[in-house]
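Engineer: Protein sequence lines correspond, in order, to chains A and B.
Position 408, counted from 1, in the first sequence is what the working numbering calls 408; the numbers after and before it change by one each time, with no gaps.
Position 110, counted from 1, in the second sequence is what the working numbering calls 625; the numbers after and before it change by one each time, with no gaps.
Starting off with a structure, shown below.
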Amino acid sequence: MNKNKFNFAFWRDVRFLKWAFQLFVLFLVFNSLRGFFSQAVANLAATNLPFSWRFLGTTPGIQVSEGFKTYPESGLEAIQIGIANMLRITVSGIFFATIFGTIMGIARLSKNWIVEKSTTGLVEIVRNIPLLVQIFFWQAVLISFPRLEEADRGQHFIHISAKGIAFPWLDPGESSWLFGFWFILSLYFTRKVFKWRVSVLEKYGREAYPTIYSLIFLIISNILGWAGAYKLVGIFGYAASIVGNLFDVFPRIGIQVLFISVGSFYAVRYISSEVKRTRSAENRGVLTDDDIFKLVITVLLLLTLIVGMFLPLGVAISDFLLGNEAFFKSNWGLPQFFQGIQNKLDWNYSGAPFSVSYPEAIQAGSSTFTNYSQDVGKVMTVGYFATWVGVVLYTSVFISEVVRSGIMAVAKGQSEAGLSLGLKRSTLLRLIVLPQALRIMLPPMGNQYLNLAKNTSLGIAVAFPEIVSVGQTLYNQEGQTIAVFLIWMAFYSFVSLTLSSIVNFYNKKLKIVER
Amino acid sequence: MSIISAKDVKKWYGDFQALKGVTMEVGEGEVLVICGPSGSGKSTFIRCINRLEQHQDGEIIVDGIQLSNDIKNIEAIRSEVGMVFQSFNLFPHLTVMQNITLAPIWVRKKSKSEAEAKAMELLNRVGIPEQADKFPGQLSGGQQQRVAIARALAMEPKIMLFDEPTSALDPEMIKEVLDVMKELAKSGMTMIVVTHEMGFAKEVADRVMLFDDGQLVEENTPDEFFTNPKSDRTKLFLSQIL
Ligand SMILES: Nc1ncnc2c1ncn2[C@@H]1O[C@H](COP(=O)(O)OP(=O)(O)O)[C@@H](O)[C@H]1O
Ligand SMILES: [Mg+2]
């Protein structure tokens, strides 16, 4: 501090105070977390149930009422079933809530009196009733249907009973993954075709029919794909098998390289974005103390990660991930993961990717009860139905509000300017109103998606086995309350962070440049 | 030959009558200035001419096309009639260049390169060629309004409507916009300009009109309008603004 032109004590230096404060907060947070945790662990130890993750590896002896498996072989598998169930509702829920919400939002702007009033009425009702009550309501609705009787046995097209809603479903053949991958690729290229036709239109100024071209491309490519072109996708499976073999040959290095490269990638990206920001016109390359603090911490974290991966702890982590125990080997091992991909995407597969199967009511096992067959068709159980309808309707209503206010927030002058130039209404909507409305809608829309994801946890009230419900069953069985809570927290944080980083990504991409 | 003719045009907003029978004609290449107190129906009238508002009685004929609910007629007229708004209404998510080329590409089906060449020519004409790749939010008010004029001109309209184009501008920017408009007027464009810039009216207007309470109360040459108005209402108005 002697070099200072002005002479004052270092503890009055703002820069010193900032650093000291940051470190102090870090210390506090770290210490209190450690305190909580060790207290909880000590309490548990006192009750003869020491904290442990072991239940993840042992067979829990619980039954999960629905999911990709009913009798999980390990605690981890039980959690995976819960996660899969939660994601099933979340992903399809977000999809449908967006569609319904958008339709409702536009309906609320309609000049048609009946449409406007009835949608507004629906919105008011749904918005003002607690979601839990609504979920119970939908459960009651489905339960009030007749029970499945012996007379119902046989094949159906659609069948509704107190057991749920049974409907036809696509039965995947061995080539289903190949075709699914092909389909996703075709969507990507359809987008390219659309953009290409738009650029032709813009460049040569003649009608280039982007919608028609891309639709035709989509249809033809998928007909070809269905007919067998999906085998081309097998190349990805082959590549995966090579990567898998590499991991097999160099197991620990593989994990370490993976961790370090992911870590470095994010660190480098973060640093370069920081540097770019400080070089921008307004900052003129001046690094504030905050910036320096952030950069130093980033580099330190990265170094810790790199060094750590080769220290006993890091080695332990990579060993742990590769698996000393059987279940990690079969489920988490990277070689197995990549060989799994190869297994799904093998170009030797053939036949129709999907076939339609119809639901069937059969005698359940050796009992006298009637139930839907698990093997054909698809059954939407009462729990799934109530949770799904509940969260989708509830979220749609809030999304409709977001859509409505988004469109209304685009100034009237924008449409008038577009119209006065002679633009068609559809062009105006597509090129002027929607791009601006989307920017306004995106952040609140992201919030609604987050809410939907979190609200699926209410499924526990109607015995839908999502991650909270499964977790609760697990800790009732095993007593590892803290471990389960940590899993829940980690999972929901992961989902929330993923969703919000997607939203942030698009938000940045769409940002309007202001002075 | 008149390019715009309005006969007994009436317009209501609910119970409120904003236009109480306006009859007027505008000849090709004529520059018409409309002034009048706030709320007198000036905006409503010129917005009826490109059907941003619909009149409920009387008839409006623009370039030989009668305004009706026929969507094809409306779009045809809108692409012949350019409009410049008080609040610019540039598209904030598009660059200056995209703002100007959007309609020529999508409505006139021009090629992008052709539309861009034309846009550069227009930006030169309004004096801001260096701003082509900026976004509207990065420009000053006067620059934005000049872009808006270029955007309207890019459609090669036969008629230009201006609704108080300088009212939202700081005094030092008014001149740069008026200069562009004067140049346009002298080039022979048919223009209807709602404005209180009396200097502009004196210099380039062929006729000046005064609106009051939804009616056309005076129609005169600029000289007569300012020095020897026919109606007392005009005298009162002039005494208030001059
Ligand atoms: N959309 C509208 N709804 C109801 N009243 C309107 C609307 N637009 C304009 N008016 C009314 O019509 C009258 C004329 O408005 P306007 O043409 O904007 O006047 P000016 O442009 O001369 O100031 C005003 O009294 C105004 O309040
Ligand atoms: Mg006005």
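Ideal placement from N, C-alpha and C gives every residue a C-beta, glycine not left out.
If you're wondering where the values come from, they're calculated on a predicted model, not measured in any experiment.
Taking any Cβ of chain B, which residues in the region 420-450 of chain A have a Cβ under 8 Å from it, in chain order?
Structural biologist: S420, L421, G422, L423, K424, T427, L431, I432, P435, Q436, R439
Engineer: For a contact meaning CB atoms closer than 8 Å, what does B:S555 contact in chain A?
Structural biologist: Mapped onto the second sequence, residue 555 of chain B falls at position 40. Within 8 Å Cβ-Cβ: nothing; B:S555 doesn't reach chain A, min ~20 Å.
Engineer: Which residues of the region 565-597 of chain B have a Cβ closer than 7 Å to any Cβ of chain A? Give them in chain order.
Structural biologist: Result list: N565, L567, E590, R593, S594.
Engineer: Looking only at DSSP bridge pairs, what is B:A521 linked to?
Structural biologist: Locating residue 521 of chain B in the second sequence gives position 6, counting from the first residue. B:A521 is bridged by DSSP to B:M539, B:I575.
Engineer: Identify which residue in B:M724, B:L676, B:G642 has its Cα closest to the Cα of B:M688.
Structural biologist: Position 173 of the second sequence, counted from the first residue, corresponds to residue 688 of chain B. Of the candidates B:M724, B:L676, B:G642, the one whose C-alpha sits nearest the C-alpha of B:M688 is B:G642.
Engineer: Around the Cβ of A:T102, are there at least 16 other Cβ atoms within 10 angstroms (buried) or fewer (exposed)?
Structural biologist: Here the question's residue 102 of chain A lines up with position 102 in the first sequence. Buried, by the Cβ-count rule.
Engineer: On the three-state DSSP scale, how would you describe A:K192?
Structural biologist: What you label residue 192 of chain A is simply residue 192 of the first sequence in a count that begins at 1. If DSSP states are grouped into helix, strand and coil, A:K192 belongs with the helices.
Engineer: I'd like to know if A:K203 contacts chain B, where contact means its C-beta is closer than 9 Å to some C-beta of that chain.
Structural biologist: Counted from its first residue, the first sequence places residue 203 of chain A at position 203. Yes - at least one Cβ of chain B is within 9 Å of the one on A:K203.
Engineer: Touch check for the region 267-281 of chain A and the region 291-301 of chain A: three-plus C-beta pairs under 8 Å?
Structural biologist: yes
Engineer: Does the beta carbon of A:A409 sit closer than 9 Å to a beta carbon anywhere in chain B?
Structural biologist: In the first sequence, counting from the first residue as 1, residue 409 of chain A sits at position 409. So no, A:A409 is outside the interface.
Engineer: Return the chain-ordered list of same chain residues with a C-beta closer than 8 Å to the C-beta of B:V695, the five sequence neighbours on each side being excluded.
Structural biologist: By one-based count along the second sequence, residue 695 of chain B stands at place 180. The residues are R640, V641, G642, R661, I664.
Engineer: Take A:A364 and list the residues in its own chain whose beta-carbon comes closer than 8 Å to its own, dropping the five residues that flank it on each side.
Structural biologist: Counting from 1 along the first sequence, the entry for residue 364 of chain A is found at position 364. Result list for A:A364: T370, N371, in chain order.
Engineer: Go ahead and pull the three-state DSSP assignment for A:Q155.
Structural biologist: Taking the first sequence and counting its residues from 1, the one referred to as residue 155 of chain A is at position 155. Note: A:Q155 maps to strand in three-state DSSP.
Engineer: Quick one: what does DSSP say B:A533 is sitting in, helix, strand or coil?
Structural biologist: Taking the first residue of the second sequence as position 1, residue 533 of chain B is located at position 18. DSSP, read as helix, strand or coil, puts B:A533 in strand.
Engineer: What in chain A is Cβ-close to B:V622, meaning under 7 Å?
Structural biologist: Position 107 of the second sequence, counted from the first residue, corresponds to residue 622 of chain B. Chain A residues near B:V622: L421, G422, L423.
Engineer: Name the residues in the region 626-639 of chain B whose C-beta lies less than 9 Å from a C-beta of chain A; which are they?
Structural biologist: S626, K627, S628, E629, A630
Engineer: For A:F55, which residues in the same chain have their Cβ closer than 6 Å to its Cβ, ignoring the five residues on either side in sequence?
Structural biologist: Along the first sequence, read from residue 1 onward, the residue named residue 55 of chain A stands at position 55. Excluding the 5 residues flanking it on each side, A:F55 has same chain C-beta neighbours closer than 6 Å at G75, E478, Q480, in chain order.
Engineer: Is it the case that the region 116-127 of chain A contacts the region 342-354 of chain A, given that we only count it when at least three CB pairs across the two stretches are under 8 Å?
Structural biologist: no
Engineer: What are the complete beta strand (DSSP E) segments, minimum 3 residues, inside the region 643-706 of chain B?
Structural biologist: 674-678
Engineer: Could you check whether B:T559 and B:A533 sit closer than 9 Å to each other, using their CB atoms as the reference points?
Structural biologist: Translated into positions along the second sequence, residue 533 of chain B becomes position 18. Translated into positions along the second sequence, residue 559 of chain B becomes position 44. Cβ distance < 9 Å, so B:A533 and B:T559 count as in contact.
Engineer: Could you tell me whether any Cβ in chain B is nearer than 9 Å to the Cβ of A:R206?
Structural biologist: The residue given as residue 206 of chain A occupies position 206 in the first sequence. True, the Cβ-Cβ gap to chain B drops below 9 Å.
Engineer: Looking at the C-beta of A:A417, does it have a partner C-beta in chain B at a distance below 9 Å?
Structural biologist: As a working note, residue 417 of chain A is residue 417 in the first sequence. Yes, A:A417 counts as interfacial toward chain B.
Engineer: Identify which residue in B:K745, B:K697, B:I674, B:T681 has its Cα closest to the Cα of B:R593.
Structural biologist: One-based indexing of the second sequence puts residue 593 of chain B at position 78. Among B:K745, B:K697, B:I674, B:T681, the Cα nearest to that of B:R593 belongs to B:I674.
Engineer: Consult DSSP for B:V598 and reduce its assignment to one of helix, strand or coil.
Structural biologist: Along the second sequence, one-based indexing puts residue 598 of chain B at 83. Residue 598 of chain B is actually Met in this sequence, not Val. Strand.
Engineer: Indicate whether at least one CB of chain B lies closer than 9 Å to the CB of A:G413.
Structural biologist: Translated into positions along the first sequence, residue 413 of chain A becomes position 413. Chain B, which has a Cβ nearer than 9 Å to the Cβ of A:G413, makes this yes.
Engineer: Rounded to the nearest angstrom, what separates B:L751 and B:D523 at their Cα positions?
Structural biologist: Translated into the one-based positions of the second sequence, residue 751 of chain B becomes position 236. Translated into the one-based positions of the second sequence, residue 523 of chain B becomes position 8. One C-alpha to the other measures close to 25 Å.
Engineer: Taking 6 Å as the limit between beta carbons, can you name the residues of its chain near A:A386, skipping five residues before and five after?
Structural biologist: Position 386 of the first sequence, counting from 1, holds the residue named residue 386 of chain A. Excluding its 5 nearest sequence neighbours in each direction, A:A386 has C-beta neighbours in its own chain below 6 Å: I135, W138, Q139, V462, listed in chain order.
Engineer: How about B:T610 and B:D648: do their beta carbons lie closer than 9 Å?
Structural biologist: Indexing the second sequence from 1 puts residue 610 of chain B at position 95. Indexing the second sequence from 1 puts residue 648 of chain B at position 133. The answer is yes: Cβ separation under 9 Å.
Engineer: With which residues is A:Q363 paired in a DSSP beta bridge?
Structural biologist: By 1-based counting over the first sequence, the position of residue 363 of chain A is 363. According to DSSP, which records beta bridges pairwise, A:Q363 is partnered with A:T370.
Engineer: Cβ of B:D678 versus every heavy atom of ligand 1: is any distance shorter than 8 Å?
Structural biologist: As a first step, residue 678 of chain B is located in the second sequence; it is residue number 163 there, counting from the start. Yes, ligand 1 has a heavy atom inside 8 Å of this Cβ.
Engineer: Taking 8 Å as the cut-off, is the C-beta of B:F726 nearer than that to any heavy atom in ligand 1?
Structural biologist: As a first step, residue 726 of chain B is located in the second sequence; it is residue number 211 there, counting from the start. Checking every heavy atom of ligand 1 against the Cβ of B:F726, one is found closer than 8 Å.
Engineer: Can at least three beta-carbon pairs, one atom from the region 482-498 of chain A and one from the region 539-554 of chain B, be found at a separation below 8 Å?
Structural biologist: The region 539-554 of chain B and the region 482-498 of chain A do not touch, with fewer than three beta-carbon pairs separated by less than 8 Å.
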